[in-house]
Each structure stands twice: as C-alpha cells, then as structure tokens.
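Per the UniProt record's numbering, the sequence shown starts with residue 1, numbered consecutively.
For reference, the structure is listed below as structure tokens.
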Amino acid sequence: MKDCEYQQISPGAAPPPASPGARRPSPAAPPAPSPGPAPAAPRWSSSGSGSLGRRPRRKWEVFPGRNRFYCGGRLMLAGHGGVFALTLLLILSTTVLFFVFDCPYLARNLTLAIPIIAAILFFFVMSCLLQTSFTDPGILPRATVCEAAALEKQIDNTGSSTYRPPPRTREVMINGQMVKLKYCFTCKMFRPPRTSHCSVCDNCVERFDHHCPWVGNCVGKRNYRFFYAFILSLSFLTAFIFACVVTHLTLRSQGSNFLSTLKETPASVLELVICFFSIWSILGLSGFHTYLVASNLTTNEDIKGSWSSKRGGEASVNPYSHKSIITNCCAVLCGPLPPSVALAHQK
1 MKDCEYQQIS PGAAPPPASP GARRPSPAAP PAPSPGPAPA APRWSSSGSG SLGRRPRRKW
61 EVFPGRNRFY CGGRLMLAGH GGVFALTLLL ILSTTVLFFV FDCPYLARNL TLAIPIIAAI
121 LFFFVMSCLL QTSFTDPGIL PRATVCEAAA LEKQIDNTGS STYRPPPRTR EVMINGQMVK
181 LKYCFTCKMF RPPRTSHCSV CDNCVERFDH HCPWVGNCVG KRNYRFFYAF ILSLSFLTAF
241 IFACVVTHLT LRSQGSNFLS TLKETPASVL ELVICFFSIW SILGLSGFHT YLVASNLTTN
301 EDIKGSWSSK RGGEASVNPY SHKSIITNCC AVLCGPLPPS VALAHQK
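Below you can see the structure in the form of structure tokens.
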C-alpha cells in the first residue's frame, strides 16, 4: 500500500495540476460582503412613549396606597413618619443618657451586669421596632380592572329591574360560626375574614389589628408578632431604666442633700421624668395585647365587639379561638411568616 505523502503548500504557490481522471472543482462562489456592525440592542429608559423605551415597573412603584418604599420595595413605611421619628428619638435619647450618665456609676459601685442587661434589652427593642415599622403588615392587592368588572357584573346579576340588589355582603361558615364578608369599594373586592381597610394607609390589611402611628405602620397578620414583642420588651426596658436611675440617685444622695444630688445630675432627672410618664401607658398596652393574644382577638374586633355583646345583641363565640391560652398564643405569635402578597419586590 502506497504511503500517503503530506506536502505543505505555500500561500503564493500555484495549485498542482489535476490528474486526467480527477474531477474538476466547481468555481468558487464570490466572497460574501463583510457584514456591517451589528445593530445595537434597544435601550430601556425610564421615559419614552414606546413599549421598548419604557422600563418595566415593579409592583411597589405603582402601589396605590399611601406608603413609602425603600431598598427596592423590600421596606415600607406609612406616608406620615413624624410620630415614628418621635418614638425613635425618645428611645434613643433616653437610652443614650442612661449609658452615659448612669451606667458608669452603677457598674463601678454595684455590678457590671446592669449595662449588659440594658444593652441586650435596647437592641432587642430596636430590632422589634424596625421590623414592625418596615414590614408589610399583610396588605392585600386591589382587584384589577377585569376582576372588578367581573365582580360588579356578578353582583348586578343578583338583582332585577323590580328591586335593588342585596347589600354587598357575603356569608361564610368558619368553625360553625357565620361570618360576614364586606365589600370594599376602594379595593373592589370582598374582604377575607378579619380583613379591614385602613383609612390612613388606604390599604386592605389581612388580620387587621390597628394603625399605630408610634411605629409608623399598620399592625396586621405579618407584623403583629414583632409589635407585641416590641411593646413587651419596651416595658421591661423602661422599668429597668427607671429602677436603675432611682438606685443611682439614692446611692449618690447618701451623705448629702437629695435636692443637691438632683441638681448635679440633670440627665438622670430627665430620664426619670420620661420613664415615669411613659411606663404606665406602655404597661397598659402590653397587658391589653396580652389579653388579645391569649384570646386570639384583634384590637379592631375588641373595639367593635364582634364576638361579644357590646352591640346590644347576643354574644357570639369567637370562631378563631382554639379554646386554649397556650394554643392561641402559639397560633398568633409562632409559625412561619406568610409571604408578602402585594409588596413582593419582584416584577
């Protein structure tokens, strides 16, 4: 068998002559014109009349309620934040004054555990406050135009030309108790059980408890556990600072006049005044919400007397109660946090 021979051909050399029996190659096609530069991809811009010139808007950017959003829609706050800023100012100023003017003396003359306990309580209070204020309380999305039109048509079909349609309510059975679902004219939907429309934030909130200006947000299904932990820990922090300041002033006044001691420590006097006038309302609020948690009630239901005889009628059984204090506490405060429905940061 004849060996194959490989010969490198220089680029300028003529092609070798074809053998008599060889097949002549077809003439080469003319070279294709070199393509021009690739067309640039359309750029998204925030302003523009065409669909290609407009960036897709996220849910929080077109949110119809009266809320402000931060960090790409992951954090939200009510439209008014003045009272919330006052809450931060009172907690921060009182705690800073305590650490600067009282803790050094108490740690030196009593125990180092005092500033450590105060620091733990302070960070826990601030963590619960921020989670309550910037968490979606359980806002439900409003009905779209098509959904609202379909629901309106369904409601109109229940009536006729001779009489008006019935009231816009529905009834559902929950644990053997008949519960009415009211129609929200703003959100264009029937509210789920325990849902109410907040007139301040202009949103329907699931398991609506109340709107709290001190935390700058509604309190509902998704942030009630943080709110309860906040007021409970704030009660301990306020009582702890009050007791420590009284101890500080008592120790410093030994061997001297008490009034002169007050004049020497104006910061401690200011802490004492703030804690004295705020501890009563905080303790009362903590006790009231402890009762609500143990009964699986909301502030809105308790004020309206939904499951009591406050309205003058017969008292009805709370269908949401598990008939056990421990079970009610676990149902309200424990369990996985439900996902945000209306304020997801995705497109």
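Glycine included, each C-beta is placed from N, C-alpha and C at the ideal position.
Identity of the residues DSSP links to residue i by a beta bridge
{"i": "T169", "result": "K182"}
{"i": "C212", "result": "N217"}
{"i": "Q177", "result": "I174"}
{"i": "S196", "result": "V205"}
{"i": "L75", "result": "Y70"}
{"i": "F122", "result": "DSSP output for F122 lists no bridge partner at all."}
{"i": "I139", "result": "V205"}
{"i": "F101", "result": "F101 is not bridged to any residue."}
{"i": "F190", "result": "Y183"}
Length of the line joining the Cα atoms of residue i and residue j
{"i": "S127", "j": "A150", "result": "44 Å"}
{"i": "A119", "j": "L283", "result": "20 Å"}
{"i": "C244", "j": "S233", "result": "16 Å"}
{"i": "L181", "j": "L75", "result": "30 Å"}
{"i": "S47", "j": "A78", "result": "Reliability fails at S47, whose pLDDT of 41 lies under 50, so the model's placement of it is uncertain and no value is given."}
{"i": "N67", "j": "G81", "result": "10 Å"}
{"i": "F172", "j": "M178", "result": "Reading the sequence as shown, one finds Val at residue 172 and not Phe. If you take the alpha carbons of V172 and M178, they lie about 6 Å apart."}
{"i": "L86", "j": "R108", "result": "32 Å"}
{"i": "R252", "j": "V246", "result": "10 Å"}
{"i": "L259", "j": "S306", "result": "53 Å"}
{"i": "S281", "j": "G287", "result": "10 Å"}
{"i": "C146", "j": "C201", "result": "24 Å"}
{"i": "F185", "j": "K304", "result": "20 Å"}
{"i": "residue 389", "j": "Y183", "result": "Nothing can be reported for residue 389, as the shown portion of the chain is limited to 1 through 347."}
{"i": "C204", "j": "P266", "result": "47 Å"}
{"i": "R142", "j": "P193", "result": "16 Å"}
{"i": "N318", "j": "S308", "result": "8 Å"}
{"i": "V83", "j": "P213", "result": "6 Å"}
{"i": "C198", "j": "G255", "result": "58 Å"}
{"i": "C334", "j": "I325", "result": "13 Å"}
{"i": "K323", "j": "C330", "result": "12 Å"}
{"i": "N257", "j": "L337", "result": "55 Å"}
Cβ shell of residue i (< 6 Å), same chain only, five flanking positions each side left out
{"i": "T132", "result": "V215, N223, F226, F227, F230"}
{"i": "Y320", "result": "N296"}
{"i": "T298", "result": "D209"}
{"i": "V269", "result": "L262"}
{"i": "residue 352", "result": "Residue 352 is absent from the structure shown; the chain starts at 1 and stops at 347."}
Top-ranked residue by Cα proximity to residue i, from the options
{"i": "L112", "options": "F99, F124, F122, F123", "result": "F99"}
{"i": "L110", "options": "F84, P319, T250, N175", "result": "T250"}
{"i": "L285", "options": "C330, S235, N318, E271", "result": "S235"}
{"i": "F242", "options": "L259, R252, F276, G220", "result": "F276"}
{"i": "G70", "options": "A107, S196, I174, F134", "result": "First, the residue type needs correcting, since residue 70 is Tyr and not Gly in the sequence shown. Nearest C-alpha to Y70: F134."}
{"i": "L92", "options": "H289, V205, K323, F122", "result": "F122"}
{"i": "N175", "options": "P336, S316, H248, T195", "result": "S316"}
{"i": "C218", "options": "I117, L130, N328, R168", "result": "L130"}
{"i": "P115", "options": "L337, C184, P213, H248", "result": "H248"}
{"i": "E206", "options": "S199, K221, A143, P213", "result": "K221"}
{"i": "N328", "options": "H289, N300, K304", "result": "H289"}
{"i": "L97", "options": "E271, C201, S256", "result": "E271"}
{"i": "V332", "options": "N318, A294, K304, R170", "result": "A294"}
Any C-beta of chain B under 8 Å from that of residue i
{"i": "A342", "result": "This model lacks chain B altogether; it includes just one protein chain."}
Cβ-based neighbour list, residue i, same chain, cut-off 7 Å, excluding 5 preceding and 5 following
{"i": "S278", "result": "T238"}
{"i": "I274", "result": "L90, T94"}
{"i": "D302", "result": "L292"}
{"i": "N300", "result": "S196, F208, D209, H210"}
{"i": "V125", "result": "I91, F230, S233, L234, L237"}
{"i": "L88", "result": "none"}
Neighbourhood of residue i by C-beta distance below 8 Å, restricted to the same chain and skipping five residues each side
{"i": "residue 380", "result": "Lying outside 1 to 347, the shown extent of the chain, residue 380 is not represented and no answer is given."}
{"i": "S19", "result": "Unreliable placement is indicated for S19, whose pLDDT of 46 sits below 50; no coordinate value is reported for it."}
{"i": "E264", "result": "R252"}
Open item on the list: Contact between the stretch 185–193 and the stretch 95–108 is defined here as three or more beta-carbon pairs at a separation below 8 Å; is this criterion met?
Closed with: no
- [ ] Would you check if there are 3 or more beta carbon pairs closer than 8 Å linking the stretch 136–146 to the stretch 321–341?
- [x] yes
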